[in-house]
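Asker: Dropping the structure in here first, questions after.
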Amino acid sequence: LLMGVRLGACFFLLARAGGHFVRAPLPEACSVEALRRSNATSSTTGRTALLVRGESFRGVHLGMPREVKRQVVCLNSSYAIQRAVARCHRRCLVARPETDVYLSTQGCVGSLLDDGTAFRWHSDLTEWYGASSKNEADLVSRRDATTQQGTLRRGLEGIAARYDYVLVWRFDLVPTATLRFPPAGDFVFFRDHAWGFPGWFLPCFRAIHARTDPSCFEADADGHNAYRCNEYAAAAAKAVTGYAPKRDFDCDPASILRREPRVVDFDRRTHGSGKDDCPRANVYRSPTHAGRFLCEYLRDFFGGPPCDDLGLYQAEIRDALQRHHPAALQDRTVKLRLGLLSL
8 LLMGVRLGAC
18 FFLLARAGGH
28 FVRAPLPEAC
38 SVEALRRSNA
48 TSSTTGRTAL
58 LVRGESFRGV
68 HLGMPREVKR
78 QVVCLNSSYA
88 IQRAVARCHR
98 RCLVARPETD
108 VYLSTQGCVG
118 SLLDDGTAFR
128 WHSDLTEWYG
138 ASSKNEADLV
148 SRRDATTQQG
158 TLRRGLEGIA
168 ARYDYVLVWR
178 FDLVPTATLR
188 FPPAGDFVFF
198 RDHAWGFPGW
208 FLPCFRAIHA
218 RTDPSCFEAD
228 ADGHNAYRCN
238 EYAAAAAKAV
248 TGYAPKRDFD
258 CDPASILRRE
268 PRVVDFDRRT
278 HGSGKDDCPR
288 ANVYRSPTHA
298 GRFLCEYLRD
308 FFGGPPCDDL
318 GLYQAEIRDA
328 LQRHHPAALQ
338 DRTVKLRLGL
348 LSL
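When you read off a place in the sequence shown, starting at 1, and then add 7, the result is the number in the numbering used here.
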């Protein structure tokens, strides 16, 4: 639990650490003076940094329990899905040549794959996103990537050059339109999935997400979320700009390849009503139900795998669990997701 408190010109968050509330000020890099100085000394470069971070080759987990879905990454279908998503990212996020792409992920080393195949897949991943001398492609060890803070922190540390704009995006977050990129210097905090901000804000954003005592990352049903980190970053940004970050990205309406019949995202909130509204990006978790649209979108436009035979995915996951984690197949939820048990 975190709560915001403003004392004079300083913003604090009350964070639970060690069972007690502690008053956690913003990092020094986020002070008004530091941010104004960073803004004043920044120069226009015409370049954008895109950091794609998190768990690559995650594939679909069909709504598995938290402790099981981490065991069914890096399957053959995961490779095909990630390749399609990378192609989508290249179209929708890297819309101009002045974009440097950075990658931060644990990849598949230490997963179900042998290390040789895992390193080859990561080499392919780097190629899909357009490797260059500025491309940060060193793998983050799984020991340091037990939460999303590990890959996020490592990726932010790798962005050394000055940029006009920085975009941070998840490997499994699928956009369905080309972003207005960069969106005129806007601050955009899209859940804890993606962030966009002017380059001069990078030192503050990096300091917030690197801090561990106390950390702004909180445990939840799926792992750890960064929503409280957003409170820090939003407070720092607003203190300088006078306005709160936007909650979603602008796009080029002409770039929308296909719209959902009902524009409903995974948290079941409708988004947009007019014909020119930008469709909200979504995390791809399953080829069925709410994920059906994303599966067909990736299949039809970016060469993604088929969507019509759920049994193919169920059999692949079942075989992986049988070979490596057979005890998981005794779980009722796992049986239901794999079609081994009827309601």
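Just so you know, even glycine gets a beta-carbon here, dropped at the ideal spot from N, CA and C.
Computed from a prediction, not measured in an experiment: that's the story for all the values here.
1) Is G61 helix, strand or coil when you go by DSSP?
2) DSSP three-state call for A288: helix, strand or coil?
3) With a Cβ-Cβ cutoff of 8 Å, do V147 and G137 count as a contact?
4) In three-state DSSP terms, what is K282?
5) Around the Cβ of T51, are there at least 16 other Cβ atoms within 10 angstroms (buried) or fewer (exposed)?
6) What's the C-alpha gap between A251 and A244?
7) Under 8 Å, with one C-beta from each stretch per pair, do the segment 106 to 122 and the segment 199 to 211 reach the 3-pair mark?
8) Are F224 and C211 touching if we call contact CB-CB under 8 Å?
9) If you draw a straight line from the C-alpha of L264 to the C-alpha of A31, how long is it?
10) Give, in chain order, every unbroken run of the beta strand (DSSP E) that is at least 3 residues long and sits entirely within the segment 61 to 144.
11) Can you look up H331 in the DSSP assignment and give me helix, strand or coil?
12) Have a look at S130 and E62 and give me their C-alpha separation to the nearest angstrom.
13) Are the beta-carbon atoms of E164 and R213 separated by less than 8 Å?
14) Please report the Cβ distance between L317 and T295, rounded to the nearest whole angstrom; I am assuming they are in contact, meaning their Cβ atoms lie under 8 Å.
15) Considering only their Cβ atoms, is the gap separating V67 from Y239 smaller than 8 Å?
16) How would you label P313, buried or exposed, when you count the other beta carbons within 10 angstroms and need 16 or more for buried?
17) Please go through the same chain and pick out, in chain order, the residues whose beta-carbon is closer than 6 Å to the beta-carbon of L4, but skip the five residues on each side of it.
18) Do D255 and L186 have their beta-carbon atoms positioned less than 8 Å apart in this structure?
19) Assuming D2 and V75 are in contact, meaning their beta carbons sit under 8 Å apart, how far apart are those beta carbons, in whole angstroms?
20) Let me check understanding here. Comparing Cα to Cα, which of G123, L110, R90, T219 lies closest to V181?
21) In the DSSP assignment, find the unbroken alpha helix (DSSP H) run with E238 in it and report its ends.
22) From A335 to C81, what does the alpha carbon distance come to, in whole angstroms?
23) For A241, which residues in the same chain have their Cβ closer than 7 Å to its Cβ, ignoring the five residues on either side in sequence?
24) Got a sec, what are the start and stop residues for the beta strand (DSSP E) L174 sits in?
25) V270 to S349, Cα distance in whole Å?
26) Could you tell me which of P72, R218, C99 sits nearest to P286, measuring between CA atoms?
27) Can you tell me which of the three DSSP states F196 falls into?
28) Would you mind sorting D307 into buried or exposed? The rule is 16 or more other CB atoms within 10 Å of its CB.
29) With 16 as the cutoff for other CB atoms within 10 Å, does Q155 come out buried or exposed?
30) Buried or exposed: where does G2 fall if 16 or more other Cβ atoms within 10 Å of its Cβ makes it buried?
31) Mind reading off the beta-carbon distance from D179 to Y291? Whole number of angstroms is fine, and I expect it under 8 Å.
Answerer: Reading it off the structure:
1) In the structure shown, G61 sits in a strand (DSSP, three-state: E or B).
2) For A288, the three-state secondary structure derived from DSSP is coil.
3) The Cβ-Cβ distance between V147 and G137 does not fall below 8 Å.
4) Confidence is the limiting factor: at K282 the pLDDT is only 46, short of 50, which leaves the residue's position unreliable and the question unanswerable from this model.
5) Classification for T51: exposed.
6) Approximately 7 Å between the Cα atoms of the pair.
7) The segment 106 to 122 is not in contact with the segment 199 to 211.
8) Not in contact: F224 and C211 (Cβ atoms no closer than 8 Å).
9) Looking at the two C-alpha atoms, the distance is approximately 45 Å.
10) If only complete runs of 3 or more residues are kept, the segment 61 to 144 shows the beta strand (DSSP E) at 106 to 112, in order along the chain.
11) Three-state DSSP puts H331 in a helix.
12) If you take the alpha carbons of S130 and E62, they lie about 15 Å apart.
13) At the C-beta level, E164 and R213 come within 8 Å of one another.
14) Rounded, the Cβ-Cβ distance is 6 Å, consistent with contact.
15) For Y239 and V67, no; Cβs fall outside 8 Å.
16) Exposed: under 16 other Cβ atoms inside 10 Å.
17) Limits of the chain in this structure are 8 at one end and 350 at the other, which puts residue 4 out of reach.
18) Contact flag unset, no.
19) No information on residue 2 is available, as it lies outside the stretch 8 to 350 that the chain covers here.
20) For V181, the nearest C-alpha among the options comes from R90.
21) Unbroken alpha helix (DSSP H) run through E238: 234 to 248.
22) One C-alpha to the other measures close to 17 Å.
23) The residues are F196, A251, P252.
24) Per DSSP, the unbroken beta strand (DSSP E) holding L174 starts and ends at 172 to 177.
25) Only weak support exists for where V270 lies, its pLDDT of 45 falling under 50; the value from the coordinates is given anyway. Between the C-alpha atoms of V270 and S349 there is a straight-line separation of about 30 Å.
26) Among P72, R218, C99, the Cα nearest to that of P286 is on C99.
27) The three-state secondary structure of F196, taken from DSSP, is strand.
28) Classification of D307: exposed, given that the 10 Å Cβ count is below 16.
29) Classification for Q155: buried.
30) As shown, the chain starts at 8 and ends at 350. That puts residue 2 outside it, with no answer to give.
31) Between Y291 and D179 the Cβ distance is about 5 Å, and since that is below 8 Å, they are a contact.
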